[in-house]
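Scroll down for the structure; my scribbles are underneath it.
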Amino acid sequence: MPRPTAAQLAYGSATVVFSTLALLLLSQTRTGVGIAVIAIAALALGLLVALTAPLPGVSHVARRRTARRSAAGTRVPAATRTAAMRMPRQRPHAGVSSETRVSEHSR
């Protein structure tokens with residue numbers, strides 16, 4: 356199982372804090388059992404949010420594009436598959452040839 360990212364931990368922690376406050380304010384409970392139930396429910400909700408937060412890496416568009424190619428029967432080499440998943444294709448600039456772009460200086 357991969358380790359959670361900082362974003363996942365932040366989302367989960369924020370969910371625990373805010374859902375605990377909201378549930379305590381809405382329920383207006385004063386008993387220890389009620390507070391314990393709310394705390395457990397908030398922890399479960401925070402864990403659910405942290406685990407379902409999207410992981411960094413391959414976008415769903417690249418996965419879909421690769422799946423579509425392999426489902427169509429065309430064989431996609433592994434090197435192409437991983438490269439296509441990492442970097443989206445860039446469109447050439449409209450009306451500008453590649454020779455013109457190569458001779459330009461960066462500013």
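Be aware that the sequence shown starts at 356, since it is given in our numbering, and climbs by one per residue. Heads up, the beta-carbon is just placed ideally off N, CA and C, and yes, glycines get one too.
Problem - alpha helix (DSSP H) runs contained entirely in the segment 373-421, provided each spans 4 or more residues - result: Counting only runs of 4+ residues, the alpha helix (DSSP H) found wholly inside the segment 373-421 occupies 387-407, in chain order.
Exercise for the section: State the Cα-Cα distance for the pair F373 and V416, rounded to the nearest angstrom. Expected result: Rounded to the nearest whole angstrom, the CA to CA distance from F373 to V416 is 32 Å.
Exercise for the section: In angstroms with no decimal places, state the Cα-to-Cα distance between L398 and R423. Expected result: Those two C-alpha atoms are separated by around 39 Å.
Exercise for the section: Determine the direct distance from the alpha carbon of V404 to that of L463, and round the result to whole angstroms. Expected result: Because the chain is modelled from 356 through 462, residue 463 falls outside the range shown and cannot be assessed.
Practice task
Note down the Cα distance separating Q383 from L364, rounded to an integer number of angstroms.
Solution key: The alpha-carbon separation between Q383 and L364 amounts to approximately 28 Å.
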